[in-house]
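Protein chains in written order, with our numbering: chain E, 1 to 182; chain C, 1001 to 1887.
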Amino acid sequence: MSHRSDSPCNGSGFVSRRQFLIFGGTGLAVVGTLAASQTALAQAAQLVMSRYPEKRIATLKDLAAKKPLTFHYPNDTVENVLVMLGEPAGGGIGPGRDIVAFNTVCPHMGGYIGPDGYKADHNVLGPCPLHLTTFDLTKHGMVVSGHATESLPQIVLEERAGAIYAVGVMGLFYGYSANPVA
Amino acid sequence: MNSLSIDRVPLPPKDAEVLTTACAYCTVACGYKVYRWPVGREGGPAADQNVFGVDFPTGAPLTAWVSPSQHNIAQHQGRPHHVVIVPDFATEVVNKGGAHSIRGGTLAQKVYNPNTPTRDRLLYPMIRVAGQLQAVSWDLALDVMAAVSKHVLAKHGEHAWGMKTYSYEFFENTYAISKLVNLSIGTPVYAPHDKPQNAEDAAGLDDAGVNSFAACYEDWGMCDVAFLSGVDPYETKTVLFTEWMMRGDNPNKAMIFVTPHKTMGVAYGEKNGGLWLPIIPGTDTVLHLALARIIVENGWQDQEFIDKWVANQWEIEAGYGRGTRNTRWQWRTTWGTFQSDWKDFQKFIMKEEVAQLDNAARITGLDPELIKRAAEMIAKPRADGSRPKTSFMLEKGNYWSNNYMNTASLASLGLICGAGNRPGRVISRGGGHQRGGASAAGGKGWLSPEKYPGRRKKALNVDRWVMDGNVRFMWTVGLTWYPAMLASQELASRVGELTRSNPHQPRNLNRDHLIETLINRVESGGMVLVNSDIYPVDPLNTQHADIVLPAAGWGEDDFTRCNSERRLRLYAKIADAPGQAKPDWWAIAEFGKRMGFDGYDWKDSNQVFEEASRFQRGGVLSYHALTTKAKKDGKRAHEALRAYGTEGIQTPIRVVDGQLVGTKRLHDPTNDWGEVEDVTVNQKWLHAFDTHSGKALLLKTPWSFVGWIDFYEAIKPRSEKGEIWVTNGRVNETWQSGFDDLRKPYLAKRWPWPAIVIHPDDAKPQGIESGDLVQIHNDEVFVQTGEPIGVLEKDLTFSELRKNGHIKVTQGQFVAVAIVSDEIRPGVAQAGFNFPQSMGNSVCHAVVDPVSGNYRYKLGRGVLTKIGESPYKTDFTAMSLKPRPII
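So this is what it looks like as structure tokens:
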């Protein structure tokens, strides 16, 4: 794993092949405006090509609504959850834009949530068994209630001819100083 | 930086500098470590390559880890440095093992970096010319302030010169403020950030003889039952809940939550053997009375404790209860409505009609079975005769609704259950802000024109005094003012009239012109407003203030303060303050010198800390023993405290065998230290209750009390108008007004705008869905005017004030984003709190509790109307609209 001397703010951060999937970093620059962050496109412009592998993880036919599946990505040790939410979601793919995937180790203090933590009624993952944080799977894994200082790392998906591919990761896995790329 | 797409973070190298601090936000004050090293290199993932000595990936939970939000680039001594700010993973106090909240966990994002949203920090002093703020020098700003102040004091007196400031933002700053207000200016026109007047928060607790911060975190860990009134510590004191209440010595404790809003902590408590009592706002006193009655009827009281620790009539009257000087209204504890003892209390509780279960259930809106179950849990002895260890916590939902009676009745309930001074059996506030108030001298409250019925002076209501046009020079420091106070829109409008709408507005920056124009303002009946802050605060300093001073805050100077278990730590300077920003103690000192006052020659914050020490020595937050020992050892007091790191030491600090020893719990008889050593001050409240007899006082709180019931009847939601209760409170992910959070990229996405939580039964008829924009409007907001003198008992009650022309009727509204969820009781909506652009307090009434002088902050009402859809209804990138208690 390489160790660059520049900081993440200088653009070493990643990347998706699909710029439209990528969303904000700077949030609301002007306090008090009600408009949502308009920075997503500006952020996307800073992105470079992914250094993550492409991996076929499932087909559309494998998925039933609200039934999570697990898969490993970007290597064989990192477990993630793939789920069809039944409602459109940030980064969602498929005909309903509702298929998303997330790493489920809590980015607060590393509690394992896993597929059993999926709450189908709300499309929320959690609560984390350690400190009860919950995450909104329709909004890029954002904290609903709790303590994690980042969203759940989201696995970037693509769909081609009925197959679902993992192509990247948005966010740093708990316990890592840099995500594994293979 | 800090994009969610970040997938790596720099690790501190082995030789990174290590500093210690504590969190800037909630009352718990978790310990944090700061790693700082020059830009250009970083540590590696192998244990011998990073300062943690840990291999990355760590491969396990609860390890050292740096999230991307915990890194930033800061200027240190004029050069760019990496800073990593993480909880102290090794600490054994407060946030054991590195626990942290989302607020503290993102402290690094608070550090000034012009490449982040912190770029709008106030960088230089400014004076408003022709409506626009213009950059000026500190000299010019301070000269103008001093010249106008001298004029105001000479011509209009100290009653026309006022300040309103934070009460908590470090001992060094609050001491300087207190010295200026109380000694040098000598004005009664002062109030802390959260109140209109300078008086106690939870007066009923004080009157019982219980210090609001008597407990330590161990107590919340070891109790068997926690009765939590008007609070979910998960939302507002995160780590106290996650480390001590969910865990602690007794992780199987049962929690009883009394709050109309089921948040995550409530859901956890309910799932783990506890109860949720979704009470109608303002009716807690009735619940406490009903619980006390069930206990008395069944003989479940802790008789042994009562016999030993509750004062009887003779003990009360011989010592005037809590003392006449401390109990303003009617000498509250000695006669009249509230005084009682165990014998009398039993009679009262059996006669009080609202304490009868069916009546109580009707008034509180609670299932009588829930009330009975709660009484059993807190008081019923077990089969073997042993008693549950029950502790009682209260916070704003309790004491900011029916201030005096809720606190007094909770204290009485706790006392008959045997709580108040023993491990795991405490009565205590949970805490809001940290405790950083230091006083230079007694206040000038005796100059207040207000008076309680009876003999005591009443602290001046500064908001009202301003609105009535009596203040000519006002200096506000580190607060939002309007959204934090009630009838917020009325207050903001009035301050705007006195400042911006006054015809006397400077047209250039010539010193003489500025002074002349602002003195003309003063003479025309207007007000000159100065504001010190770290950020623009709308509209206080963006639209109203004439002079704006840039402050240096947390991490930009060495500061000190305590948390809610009185734990004192040094908060180290981490980075250079931006631009010309200066700590508030420095601005006060420079102003004091220009006023010709003595004693403002401090060279650094340590000198202020050392000077303040002597004045706090008899108090709960006394660190005088530390300062004295440091002096003997030839050290600076700040350096002596720095050596205590994140663990700090609990005040009051005493000397035992020449060593400094902290104090875990107040009122605890095991604190009887015998012969006292050195500068230790041995106060009675250390090992007994804070009354003349050292025994606690039981207080009666009749629901029909004239100071309460007519107000409550007048402010209830009017069903004919379609109103519901509109209360307000914090959410875990936002600290206070969001001043930092809205500049932290991740938190700004989570809560870009405050929500209002509405039950489906209330939302559906209005066609309101989650994500809709809702106006909340109250067309009858009561605002007290004038400073009536109390002579007879009823004089300051709502009906009398109204009859005598002291109640003005105004209106108020705000806009919030709807979250429709059954987590809230029907008929009650929960709004955000203290957000400058969505002032939930606009629909609450600026009429104080006549017994204590505090507002009833949580008792708003309004009609909810959909006005459109917010962008968050369809935007995937911001503001989750999911319910909070998903478990």
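C-beta atoms are modelled at their ideal positions from N, C-alpha and C, and glycine is treated no differently. On a predicted model such as this, the values are computed, not experimentally measured, just so you know.
Among the options, nearest to residue i - alpha-carbon criterion
i                  : options                                    : result
Thr1692 of chain C : C:Thr1027, C:Glu1042, C:Gln1313, C:Pro1114 : The amino acid occupying residue 1692 of chain C in the given sequence is His; Thr does not appear at that position. Among C:Thr1027, C:Glu1042, C:Gln1313, C:Pro1114, the Cα nearest to that of His1692 of chain C belongs to C:Gln1313.
Pro1760 of chain C : C:Asp1672, C:Ser1770, C:Gln1303            : C:Ser1770
Ile1102 of chain C : C:Glu1733, C:Ala1846, C:Val1774            : C:Glu1733
Ala1630 of chain C : C:Val1620, C:Phe1609, C:Asn1182, C:Gly1619 : C:Phe1609
Trp1276 of chain C : C:Thr1259, C:Thr1285, C:Thr1283            : C:Thr1259
Leu1686 of chain C : C:Asp1772, C:Val1495, C:Trp1673            : C:Trp1673
Val1296 of chain C : C:Ile1416, C:Asp1512, C:Glu1590            : C:Ile1416
Gly1104 of chain C : C:Gly1592, C:Gln1070, C:Tyr1482, C:Tyr1112 : C:Gln1070
Val1863 of chain C : C:Gly1365, C:Ala1492, C:Ala1763            : C:Ala1763
Glu1556 of chain C : C:Gln1077, C:Phe1056, C:Gly1437            : C:Gln1077
Val1620 of chain C : C:Ala1572, C:Gly1478, C:Gln1683, C:Asp1678 : C:Gln1683
Thr1865 of chain C : C:Val1851, C:Ile1756, C:Asn1841            : C:Ile1756
Trp1065 of chain C : C:Gly1031, C:Asp1302, C:Phe1089            : C:Phe1089
Glu1670 of chain C : C:Asn1606, C:Ser1564, C:Arg1422, C:Ser1184 : As written in the sequence, residue 1670 of chain C is Thr, which differs from the Glu given in the question. Cα-wise, what sits closest to Thr1670 of chain C is C:Arg1422.
Asp1206 of chain C : C:Gly1437, C:Gly1186, C:Arg1322            : C:Arg1322
Asp1546 of chain C : C:Glu1497, C:Ala1199, C:Trp1554, C:Ile1709 : C:Glu1497
Ala1226 of chain C : C:Lys1262, C:Gly1059, C:Val1054, C:Gly1414 : C:Gly1414
Ser1386 of chain C : C:Gly1418, C:Ala1214, C:Lys1155, C:Asn1470 : C:Gly1418
Glu1780 of chain C : C:Val1847, C:Val1815, C:Asp1772            : C:Val1847
Extent of the continuous beta strand (DSSP E) run through residue i
i                  : result
Arg1128 of chain C : 1126-1129
Gly1072 of chain C : Before going on, a small fix: residue 1072 of chain C reads as Asn here, not Gly. From DSSP, the beta strand (DSSP E) with Asn1072 of chain C extends over 1071-1076.
Leu1864 of chain C : 1860-1869
Ile1256 of chain C : 1254-1258
Lys1808 of chain C : 1807-1820
Assigned secondary structure, residue i (DSSP; H/G/I helix, E/B strand, else coil)
i                  : result
Glu1565 of chain C : coil
Gly1105 of chain C : helix
Ala166 of chain E  : strand
Tyr1392 of chain C : Note that residue 1392 of chain C corresponds to Phe in the displayed sequence, not to Tyr. Strand at Phe1392 of chain C.
Asn80 of chain E   : strand
Phe1345 of chain C : helix
Met142 of chain E  : strand
Leu1529 of chain C : strand
Lys1721 of chain C : helix
Met1839 of chain C : coil
Arg1496 of chain C : Here residue 1496 of chain C turns out to be Gly, not Arg, going by the sequence shown. Reduced to three states, the DSSP call for Gly1496 of chain C is helix.
Asp98 of chain E   : coil
Gly25 of chain E   : Note that Gly25 of chain E scores a pLDDT of 32, beneath 50, so its modelled location is shaky and nothing firm can be said.
Gly1221 of chain C : helix
Leu1697 of chain C : coil
Ala42 of chain E   : Legend: pLDDT at Ala42 of chain E = 36, less than 50; position of this residue unreliable, value from coordinates given subsequently. Here Ala42 of chain E sits in helix by DSSP.
Glu1017 of chain C : strand
Ile1363 of chain C : helix
Glu159 of chain E  : strand
Trp1751 of chain C : coil
Arg1119 of chain C : helix
Ile1534 of chain C : coil
Gly1269 of chain C : helix
Arg56 of chain E   : strand
Ser37 of chain E   : Legend: pLDDT at Ser37 of chain E = 39, less than 50; position of this residue unreliable, no value from coordinates given.
Glu87 of chain E   : coil
Enclosing alpha helix (DSSP H) for residue i [first to last residue]
i                  : result
Pro1368 of chain C : 1368-1379
Asn1298 of chain C : 1284-1298
Trp1586 of chain C : 1584-1594
Ile1709 of chain C : 1709-1715
Ala1763 of chain C : 1760-1763
In chain order, what residues of the region 1050-1083 of chain C put their CB closer than 9 Å to some CB of chain E?
Asn1050, Phe1056, Pro1057, Thr1058, Gly1059, Ala1060, Pro1061, Leu1062, Thr1063, Trp1065, Val1066, Ser1067, Pro1068, Ser1069, Gln1070, His1071, Asn1072, Ile1073, His1082
Please list, in chain order, the residues of the region 97-109 of chain E that have any C-beta partner in chain C closer than 7 Å.
Pro107, Met109
Report the start-end ranges of each beta strand (DSSP E) in the region 1401-1451 of chain C that is 3 residues or longer and not cut off at the edges.
1427-1429
Using a Cβ-Cβ cut-off of less than 9 Å, list which residues of the region 114-136 of chain E approach chain C; keep chain order.
Lys119, Asp121, His122, Asn123, Val124, Gly126, Pro127, Leu130, His131, Leu132, Thr133, Thr134, Phe135, Asp136
At which residue ranges does the region 1146-1210 of chain C contain complete beta strand (DSSP E) runs of 3 or more residues, listed in the order of the chain?
1161-1165, 1190-1192
What are the residues of the region 151-164 of chain E that lie near chain C, defined by any Cβ-Cβ distance shorter than 7 Å?
Ser151
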